[in-house]
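J.: Protein chains in written order, with the numbering used here: chain B, 1 to 192; chain F, 1001 to 1300. Cβ coordinates follow ideal geometry from the N, Cα and C atoms, glycine included. Sharing a structure, written as structure tokens. Questions coming.
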């Protein structure tokens, strides 16, 4: 699949000398999480109350961002079809590392109420690594914010390492993506 | 040598000052919307986080333009007087230096954004230059009126002129020109009615669409120093500058907060509305003010 050309497989091995810098960086990264919202399902309606005066996401340093390049979190809310999954993978691979994925609602976990549909992707974790699941159909803003706090704890404890897992098991993820989506051959007439 | 060190100190001071005041303003806006708001040092966390991330490269022009933008803006900030006594290069704080040198930073960013090849970035750059064309004309007419009245073009002399005449600020002495100054400042800062070239929901943050990680962090630093230059320019030209650093901090904070509060109760103009707006009332007020002040000599 051509979309994977942006990410190199190697050069993620950090030496021990970088460890201290990464701990300092982790402080900044967990206190300033910018999200890219990928709203395909109904769970997206829970985001406005969690961003505005009622729950105020900005006090945790979080906020919505316009493009994948600027974002840290990819928030997948709701079910995915093969068509949207392809765009989701393009978006995920455009984000700059370290990047985190939060799956909102029960659809990315097991398909939710659409589990028996032939056009719904059931397990998101097989295609891109998910760091935090917020279960429920649909989850409250409280549980959504709780999920973000869990993600911050995960960054602190170095358990939210999905982006590294994506590098290490890249072949497995890519095989799964190809299995579900098929190969896409783009004829780039400009460069050929 | 001492001048260069003071200049770099002023640029660093501007960065720290504007980043802190920007964070405090985010808190104020949060309270305005009945939210708790982020911490006051949130902007520092954002910038250091961006500098700690990995980023992609879209080619040589893309990287070089960011460095050129940051360098150009730091070079501009080095000439900016903070108070009437703290100036890095004596007699070089001419008004036209800022007009000329600010363009280096802006064009560096334009070059870099176009180098990314993203169509949103090109649209954003085009809109930014159009907005610049719109607010520069009324602002320059008012600024030239001030230069004509004071017979100086150095910012230090202009602020000493206002302080010597018993703090008769040009914001009050030239009321129409003062209004034009505030409107042009909002255009320069890209605040809400004139936020057309950022427009996150419409053209995905415009020129910044392809930036992420380190490049975006450098652009944030550049943006903070640009805001420092523009707000200080307004303070020195219209509010009588400052004789002590505390006075400067108070005036700076009030100007930026007022502009930010006006911004937060407004919607966004379309790009043609921006141009029509600036060429209608502000231009008319600026020309009227110039005629009244220069040919009739009616200055309050």
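Taking Cβ-Cβ distances shorter than 7 Å, what residues in chain B pair up with residue 1063(F)?
T.: None at all; the shortest Cβ gap to chain B is about 14 Å.
J.: Taking 8 Å as the cut-off, does the stretch 1073–1090 of chain F touch the stretch 1119–1136 of chain F (at least 3 CB pairs, one atom from each stretch)?
T.: A contact is defined here as three or more CB-CB pairs under 8 Å, and the stretch 1119–1136 of chain F fails this definition with respect to the stretch 1073–1090 of chain F.
J.: Considering only the beta carbon of each residue, do residue 166(B) and residue 128(B) sit closer than 8 Å?
T.: With respect to residue 128(B), residue 166(B) sits close: the two C-beta atoms are nearer than 8 Å.
J.: Taking Cβ-Cβ distances below 8 Å as the criterion, which residues of the stretch 1199–1213 of chain F are in contact with chain B?
T.: Answer in chain order: 1200, 1201, 1204, 1205, 1208, 1209, 1210, 1211, 1212 and 1213.
J.: For residue 1104(F) and residue 1068(F), what's the separation of their Cα atoms in angstroms?
T.: 8 Å
J.: Spell out the partners DSSP gives residue 77(B) in its beta bridges.
T.: 39(B) and 104(B)
J.: Classify residue 1032(F) as buried or exposed, calling it buried when 16 or more other Cβ atoms lie within 10 Å of its own Cβ.
T.: Residue 1032(F) is exposed by the Cβ-count criterion.
J.: For residue 129(B), does the three-state DSSP call read helix, strand or coil?
T.: coil
J.: Does DSSP put residue 1119(F) in a helix, in a strand, or in coil?
T.: helix
J.: Which residues in chain B have a C-beta closer than 7 Å to the C-beta of residue 1052(F)? List them in chain order.
T.: 25, 28 and 29
J.: Grouping DSSP H, G and I as helix and E and B as strand, with all else coil, what is residue 1056(F)?
T.: coil
J.: With a cut-off of 8 Å, does the C-beta of residue 1049(F) fall near any C-beta of chain B?
T.: yes
J.: Output the distance between the C-alpha atoms of residue 40(B) and residue 1138(F), rounded to the nearest integer angstrom.
T.: 46 Å
J.: The alpha helix (DSSP H) with residue 206(B) in it runs from where to where?
T.: Absent from the structure is residue 206(B), since the part of chain B shown begins at 1 and ends at 192.
J.: So, is the C-beta of residue 3(B) closer than 8 Å to a C-beta in chain F?
T.: Residue placement at residue 3(B) is flagged as unreliable, the pLDDT there being 47, under the threshold of 50; the coordinate-derived value follows with that caveat. Answer no: the Cβ-Cβ gap between residue 3(B) and chain F never drops below 8 Å.
J.: If we cut at 8 Å on Cβ distances, does residue 1020(F) have a partner in chain B?
T.: By this cut-off, residue 1020(F) is not an interface position.
J.: If we ignore side chains and look at the alpha-carbon of each, how far apart do residue 1118(F) and residue 1198(F) end up?
T.: 14 Å
J.: Going by the DSSP bridge assignment, what does residue 1243(F) pair with across the sheet?
T.: Answer is none; residue 1243(F) lacks a bridge partner.
J.: At 3 residues or longer, and completely inside the stretch 1257–1291 of chain F: list those beta strand (DSSP E) runs for me, N to C.
T.: none
J.: Taking the alpha-carbon positions, what's the residue 1187(F) to residue 1099(F) distance?
T.: 15 Å
J.: What is the DSSP secondary structure of residue 64(B), counted as helix, strand or coil?
T.: strand
J.: What residues in the stretch 31–42 of chain B have a beta carbon less than 7 Å from any beta carbon of chain F?
T.: For the stretch 31–42 of chain B, which is checked against every Cβ of chain F, the residues closer than 7 Å are 31 and 32.
J.: In chain F, which residues lie with their C-beta within 8 Å of the C-beta of residue 61(B)?
T.: 1038, 1039, 1042, 1045 and 1046
J.: Taking 8 Å as the CB-CB limit, is residue 1035(F) close to chain B?
T.: yes
J.: Would you report the Cα separation of residue 170(B) and residue 164(B), rounded to the nearest angstrom?
T.: 9 Å
J.: Under 7 Å: does the beta carbon of residue 1225(F) sit that close to some heavy atom of the ligand FAD?
T.: Inclusion of the ligand FAD in the displayed structure is not the case, the ligand content being empty and no account of it being possible.
J.: Who are the near neighbours of residue 115(B) in its chain, counting only those whose CB is closer than 7 Å to its CB and skipping five residues on each side?
T.: If we look at residue 115(B) and ignore the five residues flanking it on each side, its Cβ neighbours are 122.
J.: Go ahead and label residue 1276(F) buried or exposed: buried means 16 or more other beta carbons lie within 10 angstroms of its beta carbon, across all protein chains shown.
T.: exposed
J.: For residue 13(B), count the other beta carbons within 10 Å of its own beta carbon; 16 or more makes it buried, fewer makes it exposed. Which is it?
T.: Confidence at residue 13(B) is low in this model, with a pLDDT of 49, below 50, so its placement is unreliable and the value that follows should be read with caution. Result: exposed.
J.: Run through chain B and tell me which residues come within less than 7 Å of residue 1216(F), C-beta to C-beta.
T.: 70
J.: Taking C-beta to C-beta, are residue 1120(F) and residue 1204(F) nearer than 8 Å?
T.: Closer than 8 Å, so yes.
J.: Under 8 Å, do residue 1055(F) and residue 29(B) count as touching if we go by C-beta distance?
T.: no
J.: Could you have a look at residue 1198(F) and say whether DSSP puts it in helix, strand or coil?
T.: coil
J.: In three-state terms, what does DSSP make of residue 34(B)?
T.: strand
J.: 8 Å is my cut-off, CB to CB: does residue 13(B) come that close to chain F?
T.: With a pLDDT of only 49 at residue 13(B), under the threshold of 50, the placement of this residue in the model should not be trusted, and no figure is reported.
J.: Return the CA-CA distance between residue 66(B) and residue 1227(F), expressed in angstroms with no decimal places.
T.: 22 Å
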